[in-house]
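This report concerns only the one structure given below.
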Amino acid sequence: MKYVQRWTEYGYDEDNVIRNGDPQPEWAWNADEMANAFNEITGAEAIGDCEDMAFLCGTIYVGAGIDAAIVDAPNMQLW
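202 is the number of the first residue of the sequence shown in the numbering used here; add one for each residue after it.
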């Protein structure tokens, strides 16, 4: 988690993803795209939002042998 936090910066999709000149209100980068967006040598950070970082963390965890799942619970109530 600290590794991902170090090399990523939170950013809203519509501010950072432009396709055919149009800002994208909802976009998900896969883990490979996020991992290739930062560079430890140059210090460049990847920019993504919650699901982008969840995909990256989940992939790293599974690669390390840790069971991981990403759950979409849009109707979950927190209280």
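The beta carbon of each residue, even a glycine, is placed where N, CA and C say it ideally should be.
Who are the near neighbours of residue i in its chain, counting only those whose CB is closer than 6 Å to its CB and skipping five residues on each side?
i    : result
L257 : V205, A232, M235
As a quick exercise: from the options, pick the residue whose alpha carbon is nearest that of residue i.
i    : options                : result
D273 : Y262, E252, R220       : E252
F239 : N276, T209, W230, M202 : T209
R207 : V263, G266, E241       : E241
G212 : E227, K203, R220       : E227
D216 : G249, M202, W230       : G249
To which residues does DSSP link residue i through a beta bridge?
i    : result
Y281 : The structure shown has nothing for residue 281, since the chain only spans 202 to 280.
P158 : The chain is shown only over 202 to 280; residue 158 falls outside these bounds and no answer can be derived.
N276 : Answer is none; N276 lacks a bridge partner.
By Cβ distance, which residues of its chain are closer than 7 Å to residue i, with the 5 residues on each side in sequence left out?
i    : result
A255 : I271
Helix, strand or coil for residue i per DSSP?
i    : result
I261 : helix
Using C-beta distances below 8 Å, list every residue in its chain close to residue i, excluding the 5 sequence neighbours before and after it, in chain order.
i    : result
G222 : none
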